[in-house]
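Here the structure comes first, spelled out in structure tokens, and everything after it is commentary.
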Amino acid sequence: MAKARTIFSCQNCGAQSPRWIGRCPECSQWNTYAEEIEAVEARRDTAPGSNSVAIPLTEIAADEGHHVPTGIAELDRVLGGGTIPGGVALIGGDPGIGKSTIIMQALARVAGSGQNALYVSGEESASQIKLRAERMGISDARFAVLTENCVERIIEQIRDTKPAVVAIDSIQTMYTNDLQSAPGTIGQVRESAAKILAHAKKSNTASFLVGHVTKDGAIAGPKVLEHMVDTVLYFEGERGHSFRILRTMKNRFGSTNEIGVFEMTGHGLKEVSDPSGIFLAEKSKSAAGSVVAASLEGSRPLLLEVQALVSSSGFGTPRRTAIGIDAGRLALLIAVLEKIEGLELRDQDVFLNVAGGVKITEPSADLAVVAAIDSSFRNKPVDHETVVIGEVGLAGEIRAVMGADMRIKEAEKMGFRKVIIPKSNLKGKFSTKIEVFGAATVTECLRML
Ligand code: TYD
Ligand code: MG
29 MAKARTIFSC QNCGAQSPRW IGRCPECSQW NTYAEEIEAV EARRDTAPGS NSVAIPLTEI
89 AADEGHHVPT GIAELDRVLG GGTIPGGVAL IGGDPGIGKS TIIMQALARV AGSGQNALYV
149 SGEESASQIK LRAERMGISD ARFAVLTENC VERIIEQIRD TKPAVVAIDS IQTMYTNDLQ
209 SAPGTIGQVR ESAAKILAHA KKSNTASFLV GHVTKDGAIA GPKVLEHMVD TVLYFEGERG
269 HSFRILRTMK NRFGSTNEIG VFEMTGHGLK EVSDPSGIFL AEKSKSAAGS VVAASLEGSR
329 PLLLEVQALV SSSGFGTPRR TAIGIDAGRL ALLIAVLEKI EGLELRDQDV FLNVAGGVKI
389 TEPSADLAVV AAIDSSFRNK PVDHETVVIG EVGLAGEIRA VMGADMRIKE AEKMGFRKVI
449 IPKSNLKGKF STKIEVFGAA TVTECLRML
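What the sequence shown shows, in this note's numbering, is residues 29 to 477, in sequence order.
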């Protein structure tokens with residue numbers, strides 16, 4: 029096959045050049061040129077008589093999207109039910125977080141169910157992979173390993189072995205012969221992914237791509253990678269904690285924001301089906317500055333301990349440190365406490381931590397944060413059998429949250445006696461044995477506690 033002609037184009041403005049240039053002469057941006065395959069064919073007008081015609085929605089058969097469970101419930105949950113033949117999922121996360129581990133475990137389950145699975149590694153040698161597999165207790169003749177970096181050869185192998193599920197670990201180490209640039213460059217990552225994607229769709233193979241993440245949290249390589257694939261999953265977790273959260277960022281075959289919770293053990297990742305219990309296990313009953321929040325991740329309520337420590341700062345600007353919630357959000361809540369509640373926090377350091385290394389991404393934990401800071405500042409513990417739920421507005425008002433009933437049910441399940449929710453959420457009926465109180469303002473809530 030003749031080599032495809034390539035061209036370099038600016039990823040910012042689309043200007044093109046036959047050679048790589050550092051600074052785009054059109055838009056003056058630096059380092060935006062990436063090698064691409066020259067798309068001559070694609071630009072041509074569709075021939076007359078082609079069959080792309082509009083059809084009524086009612087006449088389209090919805091036969092696509094049958095999920096095949098992997099058998100790992102927490103993974104299936106974030107995938108929307110399981111893998112999809114022909115579907116491509118991208119798994120991103122920091123180095124060492126467990127991407128290779130979860131992928132290998134998923135493939136092992138597939139192999140265990142009697143189908144072929146292919147694990148392609150561009151990073152580790154076959155014997156390294158064997159060692160890891162032994163550690164996780166994986167040993168199945170249907171689990172095939174391929175150490176290869178060339179996409180064309182990988183596709184050949186997929187064609188020969190016909191796996192039901194294939195995993196590429198990682199997409200940044202792969203290259204296609206069509207481009208001269210080094211693996212990991214924008215052009216290579218995108219072109220390699222495009223080839224694997226096209227083959228996956230054609231052969232109805234479910235695929236996983238592993239992607240490395242840059243310091244600022246984006247998947248290294250082009251953002252278009254996220255647009256190309258069907259599902260994007262992110263692995264989160266703090267170093268030094270054994271808990272890992274797999275979060276759906278995008279899913280064409282299911283809902284987003286779902287989370288799966290895992291624990292890293294000596295034998296691979298273990299599913300955590302009752303995360304609230306684990307995250308609350310070490311909560312102290314009488315410590316000031318500790319309040320339980322109920323966050324809702326996708327369709328799953330999660331009770332989490334929010335801890336605050338307020339202590340007088342030495343000199344200079346006081347410190348505000350937030351682990352597990354957005355730092356801007358913390359600054360906002362401190363400002364509300366100062367202005368509305370008259371709390372003197374100007375010369376106080378404020379540290380905030382969500383126990384267990386979990387990140388809270390929605391605002392319903394605001395009220396718990398406010399209550400924790402207030403409790404630590406006054407050195408007065410909050411009743412340990414109360415859960416606090418609500419978003420706080422700039423005027424100190426408490427705003428309604430979604431899925432209040434699910435959060436309350438989880439609090440009841442975990443044995444709490446009392447829950448404070450936004451007053452505007454009280455309208456719904458809750459058939460629970462737990463006491464439910466509504467608060468309209470921060471002042472009202474703090475008085476209740
Ligand atoms: P890995 O899946 O290789 O991470 P990634 O592919 O995201 O870079 O996970 C590596 C880490 O997990 C490493 O620090 C060791 C740890 N680990 C365990 O604790 N137990 C295990 O059974 C395995 C396989 C890994
Ligand atoms: Mg890895």
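Every residue gets a Cβ at the ideal spot worked out from N, C-alpha and C, and that includes glycine.
{"query": "Among Gly124, Glu325, Ser45, whose alpha-carbon lies nearest the alpha-carbon of Val241?", "result": "Gly124"}
{"query": "Taking all protein chains shown into account, decide if Thr201 is buried (16 or more other Cβ within 10 angstroms of its Cβ) or exposed.", "result": "buried"}
{"query": "Mapping the DSSP letters down to three states, classify Glu325 as helix, strand or coil.", "result": "strand"}
{"query": "Is the closest heavy atom of the ligand MG to the C-beta of Ser128 under 7 Å?", "result": "yes"}
{"query": "Could you check which residue in Gln39, Pro191, Gly385 has the C-alpha nearest to that of Gly142?", "result": "Pro191"}
{"query": "List the DSSP bridge partners of Leu297.", "result": "Met292"}
{"query": "I need the DSSP call for Ala70, collapsed to helix, strand or coil.", "result": "Residue placement at Ala70 is poorly supported in this model, since its pLDDT is 48, which falls under 50; the coordinates still yield a value, given next. Note: Ala70 maps to coil in three-state DSSP."}
{"query": "Hey, would you say the C-beta of Glu151 is under 7 Å away from at least one heavy atom of the ligand MG?", "result": "yes"}
{"query": "Any beta-carbon of chain B closer than 8 Å to the one on Leu85?", "result": "As a matter of chain content, chain B is missing from the structure shown, which is built from one protein chain."}
{"query": "Sorry if obvious, but does the Cβ on Asp197 come closer than 7 Å to a heavy atom of the ligand MG?", "result": "yes"}
{"query": "Quick one: give me the first and last residue of the beta strand (DSSP E) that Gly377 is part of.", "result": "The sequence shown places Asp at residue 377, not Gly. Asp377 -> beta strand (DSSP E) spans 376 to 382."}
{"query": "Are the CB atoms of Pro211 and Asn232 within a distance shorter than 8 Å?", "result": "no"}
{"query": "Output yes or no for whether 8 Å exceeds the beta carbon distance between Leu380 and Leu358.", "result": "yes"}
{"query": "Tell me which same chain residues have a C-beta within less than 7 Å of the C-beta of Gly421, skipping the five on either side of it?", "result": "Arg427"}
{"query": "Can you check which of these residues, Lys127, Asp168, Thr175, is closest to Ala136 by C-alpha distance?", "result": "Asp168"}
{"query": "Excluding five sequence neighbours on each side, which residues of the same chain lie with their C-beta closer than 6 Å to the C-beta of Val106?", "result": "Leu261, Leu274, Thr276, Glu286, Gly288"}
{"query": "Three-state secondary structure (DSSP) at Asn285?", "result": "coil"}
{"query": "Thinking C-beta only, is Val398 closer than 8 Å to Ile417?", "result": "no"}
{"query": "Using alpha carbons as the reference points, say which of Ile306, Phe307, Ser403 lies closest to Ser318.", "result": "Ser403"}
{"query": "Quick one: is the Cβ of Gly294 within less than 7 Å of any heavy atom of the ligand TYD?", "result": "yes"}
{"query": "Quick check on the burial criterion: 16 or more other C-beta atoms within 10 angstroms. Buried or exposed for Phe343?", "result": "exposed"}
{"query": "Going by CA-CA distance only, name the one from Ser452, Pro450, Arg435 that's closest to Phe444.", "result": "Arg435"}
{"query": "Where Leu477 and Asp411 are concerned, what is the direct C-alpha to C-alpha distance, given to the nearest angstrom?", "result": "7 Å"}
{"query": "Can you tell which of Ile196, Arg160, Gly165 has the C-alpha that lies nearest to the C-alpha of Thr175?", "result": "Ile196"}
{"query": "At the level of alpha carbons, what is the spacing between Lys502 and Ala393?", "result": "Because the chain in this structure spans residues 29 to 477, residue 502 falls outside the shown range and cannot be described."}
{"query": "Whose C-alpha, out of Gly108, Ala228, Ile166, is nearest the C-alpha of Ile16?", "result": "This structure leaves residue 16 out entirely; the chain is present only between 29 and 477."}
{"query": "Quickly, what does DSSP pair Val96 with across the bridge? List them, please.", "result": "Thr111"}
{"query": "In its own chain, which residues sit with a C-beta less than 7 Å from the C-beta of Met256, not counting the 5 before and 5 after it?", "result": "Ala221, Ala222, Leu225"}
{"query": "Identify the residues that DSSP records as bridge partners of His240: which are they?", "result": "Gly121"}
{"query": "Given a cut-off of 8 Å, decide if Ala154 and Val6 are closer than it, judged by their beta-carbon atoms.", "result": "Because the chain is modelled from 29 through 477, residue 6 falls outside the range shown and cannot be assessed."}
{"query": "Given a threshold of 16 other Cβ atoms within 10 Å of its Cβ, counted over all protein chains shown, does Ile199 qualify as buried or as exposed?", "result": "buried"}
{"query": "What's the C-alpha gap between Arg71 and Asp104?", "result": "Only weak support is given to the placement of Arg71: the predicted model assigns it a pLDDT of 49, under 50, and the question is left unresolved by the model."}
{"query": "Could you tell me whether the Cβ atoms of Glu102 and Glu299 are closer together than 8 Å?", "result": "yes"}
{"query": "Have a look at Gly99 and Ala172 and give me their C-alpha separation to the nearest angstrom.", "result": "19 Å"}
{"query": "For Ser452, tell me which candidate among Lys461, Thr469, Thr460 has the shortest Cα-Cα distance.", "result": "Thr469"}
{"query": "The ligand TYD and Ile166: does any heavy atom of the ligand fall closer than 7 Å to the residue's C-beta?", "result": "no"}
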